[in-house]
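Per UniProt numbering, the very first residue in the sequence shown carries number 1; after that it's consecutive. Glycine included, every Cβ here is placed at the ideal spot set by N, Cα and C. Given the structure is predicted, the values throughout are model-derived calculations rather than measurements.
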Amino acid sequence: MPVFALQIKCNLNNIEKLIPDDETSFRWYIKLKCSNCGEEDSKWKYVVFNETFDTLKGRSECHLVEKCALCGRQNTLEIKPGTFHNYASEKNEQFQTLVEFDCRGIEPIAFDFRNNWQAVASDSGTVFDDVDLSEGMWTEYDEKENRCVEITELESRFFLLKK
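See below:
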């Protein structure tokens with residue numbers, strides 16, 4: 001079963017770490033491609049760790065179950081438990097894994113950052129909730145340290161960990 005790691009890269013300025021607001025209810029917005037026929041879905045889908053669905057044959061549960069519109073194959077995606085990570089300033093401007101997806105019949109091909117992130121300021125430890133990254137950047141002011149904090153140059157990719 002292919003396992004894909006969602007990796008992001010960004011520039012954290014006066015930010016120690018970037019994390020999803022709540023990893024169990026965070027919406028991971030992704031675009032998918034059918035591994036069987038290569039059909040790419042143009043619509044964004046989201047998966048949430050605490051939302052599961054029965055597979056079409058009813059043998060197990062996954063975080064996403066769908067049939068390919070072109071070939072009709074049932075495809076599933078599961079967020080792997082225990083694979084959540086934050087984006088840390090120690091490896092700033094390098095790709096870091098945030099979460100892993102176990103994919104059966106589909107491949108994730110794009111990620112949309114959107115909102116509901118949390119950023120923690122470097123020196124003051126100020127926590128900024130509901131950070132919106134949908135514009136490709138975020139800027140705020142840390143009143144405890146009297147300086148600007150920002151997240152810029154957002155990039156993402158999916159890295160195949162296991163076939």
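| Query | Result |
| --- | --- |
| With 16 other CB atoms within 10 Å as the buried threshold, where does Pro20 fall? | buried |
| Is the region 136-144 touching the region 34-43, taking contact as three or more C-beta pairs under 8 Å? | no |
| Let's test the definition: count the other Cβ atoms within 10 Å of the Cβ of Gln94 and tell me whether it reaches 16, buried, or not, exposed. | exposed |
| When the Cα of Pro2 is compared with those of Cys34, Tyr29, Ser25, Ser134, which residue comes out closest? | Cys34 |
| Keeping to the same chain, check which residues put their C-beta closer than 6 Å to that of Thr24; ignore five residues upstream and five downstream. | Phe49, Asn50 |
| Nearest to Gln7 by alpha carbon, out of Val131, Phe101, Leu133? | Phe101 |
| With a CB to CB cut of under 8 Å and the five nearest residues on each side skipped, what residues in its chain are close to residue 195? | Any answer about residue 195 is impossible in this case: the structure gives the chain only from 1 up to 163. |
| Mind checking which residues open and close the beta strand (DSSP E) that includes Trp28? | 28-34 |
| Helix or strand or just coil, what does DSSP make of Ser156? | strand |
| Taking DSSP as the reference, what is the three-state secondary structure of Glu51? | coil |
| Given a threshold of 16 other Cβ atoms within 10 Å of its Cβ, counted over all protein chains shown, does Pro81 qualify as buried or as exposed? | exposed |
| In whole angstroms, give me the CA-to-CA distance for Arg147 and Gly136. | 21 Å |
| DSSP on Glu16, reduced to helix/strand/coil? | strand |
| Write down every uninterrupted run of the beta strand (DSSP E) in the region 89-162 whose length is 3 residues or greater and which is fully enclosed by it, in chain order. | 96-104, 106-112, 117-121, 127-131, 138-142, 147-162 |
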